[in-house]
Amino acid sequence: MDVTADTTALAAAAAEVTKVLPSRSGGSAGARVLLEASGTELTLTGSEPDQLLRTSGSAMVHTDGSVLVPARVLADTLRSFDDPQVRLAVEGSRLAVRAQRGRFALPVLDPATEPERVECPPAAGSVPAAEFASLLRTVAGAAAKDDALPMFTGVRFNAVEDQLRLIACDRFRMAIGTLPWAGEPLDSAVPAALLRDFAGSMANKGARVALHAGPNRLGFGWGGSTLVTAVLDAGFLDDARIVTDTVDTSVEVCADELSGAIRRVGTFLDPRGALQVSVDDGELRVSAASEYAGEAAETLKATVHGGRTSPRFQARYLAEAVRPFSGGRIRLDIQPGLRATVLTPAAESTEDTPTGLRYLVMPLRQ
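So the number in the numbering used here is just where the residue sits in the sequence shown, counting from 1, plus 13.
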C-alpha cells in the first residue's frame with residue numbers, strides 16, 4: 014500500500030476511529046486500525062466485537078493495498094504534523110509515515126489476530142443530518158453516566174409510522190426528540206456515550222444520516238462514515254408511563270434570560286443544589302439560599318397561565334434542560350407535587366429552536 018492524503022482530513026479520520034476502540038492492555042494487543050487504499054479512496058476501519066467505525070476519504074493512491082497498525086500511535090502521529098499532505102507506504106514490516114522533514118515507522122500487525130468484524134445491517138431510513146445531530150446531542154446528554162443502571166445509559170430510537178423518536182433519561186430527567194420519518198419501523202437502544210462522541214461529526218459531514226437496523230445491531234451512516242454498535246438488552250424507556258397531563262401552571266419566558274439567572278443564582282446553592290422557581294403574576298423568580306454562601310434571587314418577565322405552582326429543582330438539571338432552547342422562548346408546564354415539569358419551545362420561538370424537543374425534569378421535595 015502506498016498513498017498520499019490530506020493531513021488534516023486523515024488525522025481527523027484516525028481520531029474518529031479511535032473513539033470506538035477502548036484501550037486494551039499493552040503491546041500488540043492495543044487498539045488497531047485497518048487502512049485500505051483502492052482507486053481514489055483511503056478507508057480507515059476500527060472494530061471491537063460489538064462496535065465498528067469505518068470512514069472513507071479521497072486520496073492519491075499510488076499502490077492499492079491494506080495494512081493493520083496501532084490506532085492511537087497513528088492518530089497521535091498524524092495530529093502532530095503541520096504539513097498539508099502526508100504519505101503512507103508499507104515498507105517491509107513497517108508502515109512508513111512520511112512528512113517533509115521526517116519518517117515515522119509504525120509496526121505492521123497481523124490481521125489474523127483481529128476480532129471478527131460486525132456487519133452493518135440494512136438501511137431503515139434517513140433523517141436530515143443537522144437536525145438529527147442537534148437532537149442527538151441534547152437527548153444523549155440526558156442519559157445516565159453510571160453503568161450500574163444500563164437502561165438509563167442508552168438512547169432509544171423508536172420509529173413508528175411517520176415519526177422517529179429519540180429518548181434518554183436518568184432518574185431525574187428525560188429528553189425526547191422527534192423527527193419526521195419515512196422509513197421502516199425500528200425500536201432499539203444503544204449506548205449514549207458512544208453517540209455523544211459522533212454527534213458533531215454527523216452535523217459536519219453530509220446532508221443526511223442513514224439509520225440501519227438489524228437483529229441486535231443499529232448502524233448510522235453519514236458523509237463517508239459508518240458506525241455500527243450492539244443494542245442494549247436492558248429494557249426500553251417509555252415516556253408514555255410518565256404523567257404529563259395534570260399541568261397546573263404554564264410559564265413562557267426567554268430561555269437565555271432563564272439560563273443566565275440559573276447560572277448567577279446558582280452560586281448560592283445549598284448542599285443539595287436546590288433552586289427555587291416561584292411563579293407570580295407576569296413574572297418568574299429564581300432563588301437559592303445557603304447557610305454558608307448567603308442568598309440570591311432574580312426575577313424575570315414571563316407570561317403565566319393557570320395557577321402559581323412553584324417547584325424546586327436541582328440547578329444542574331434545570332440548567333441543562335433549558336440550554337437546548339437557547340435563542341428563543343421556552344414554555345414550562347408545571348405539574349403539582351412531585352410530577353415532572355415539561356419544557357418545550359414556546360409557540361413564538363425562533364426557527365433555530367429545536368421544535369421537536371421535549372425535556373422533562375423532576376422537582377425536589379420541598
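Just so you know, even glycine gets a beta-carbon here, dropped at the ideal spot from N, CA and C.
Here the structure is a predicted model, which is why all the values come from computation and not from measurement.
At which residues does the beta strand (DSSP E) containing residue i begin and terminate?
i: residue 232; result: 230 to 235
i: residue 55; result: 54 to 61
i: residue 306; result: Counting along the chain, residue 306 falls outside any beta strand (DSSP E), and DSSP gives it neither H nor E.
i: residue 400; result: With the chain represented from 14 up to 379, any question about residue 400 goes unanswered, as that position is not in the structure.
i: residue 239; result: 238 to 243
i: residue 371; result: 370 to 374
Please list the terminal residues of the continuous alpha helix (DSSP H) segment that includes residue i.
i: residue 90; result: 84 to 92
i: residue 351; result: That residue, residue 351, is in no alpha helix (DSSP H); it is neither H nor E in DSSP.
i: residue 26; result: 20 to 31
i: residue 272; result: 268 to 278
i: residue 292; result: Not the alpha helix (DSSP H): residue 292 falls in the beta strand (DSSP E), residues 287 to 293.
i: residue 334; result: 328 to 335
Check each candidate in the options and name the one with the smallest Cα separation from residue i.
i: residue 258; options: 353, 122 and 50; result: 353
i: residue 317; options: 275, 326 and 262; result: 262
i: residue 271; options: 306, 315, 238 and 295; result: 315
i: residue 194; options: 212, 221, 208 and 205; result: 221
i: residue 233; options: 303, 127, 250 and 207; result: 207
i: residue 129; options: 61, 84, 110 and 155; result: 61
i: residue 310; options: 170, 379, 280 and 70; result: 280
i: residue 114; options: 126, 98, 121 and 127; result: 98
i: residue 148; options: 376, 344 and 334; result: 334
i: residue 29; options: 162, 166 and 235; result: 235
My guess is that residue i and residue j are in contact by the Cβ rule of under 8 angstroms, so how many angstroms apart are they, rounded?
i: residue 59; j: residue 46; result: 5 angstroms
i: residue 184; j: residue 330; result: Contact flag wrong, Cβ pair sits at about 10 angstroms.
i: residue 203; j: residue 177; result: About 14 angstroms separates the two Cβ atoms, so there is no contact after all.
i: residue 189; j: residue 252; result: 6 angstroms
i: residue 65; j: residue 137; result: Not a contact, Cβ separation roughly 17 angstroms.
i: residue 355; j: residue 313; result: Not really, about 19 angstroms apart at Cβ, beyond 8 angstroms.
i: residue 112; j: residue 94; result: 5 angstroms
i: residue 288; j: residue 299; result: 6 angstroms
i: residue 216; j: residue 142; result: 6 angstroms
i: residue 27; j: residue 87; result: 5 angstroms
i: residue 351; j: residue 375; result: 7 angstroms
i: residue 110; j: residue 101; result: 6 angstroms
Inset, instruction - Return the chain-ordered ranges of every beta strand (DSSP E) run that is complete within the stretch 148 to 232 and spans a minimum of 3 residues. - result: 167 to 173, 176 to 182, 186 to 193, 199 to 204 and 221 to 227
Inset, instruction - Would you list, in sequence order, the uninterrupted beta strand (DSSP E) runs of no fewer than 3 residues that lie entirely inside the stretch 86 to 142? - result: 98 to 104, 107 to 112, 115 to 120 and 136 to 141
Legend entry - Cβ contact (3+ pairs, closer than 8 angstroms) linking the stretch 95 to 115 and the stretch 123 to 139: no
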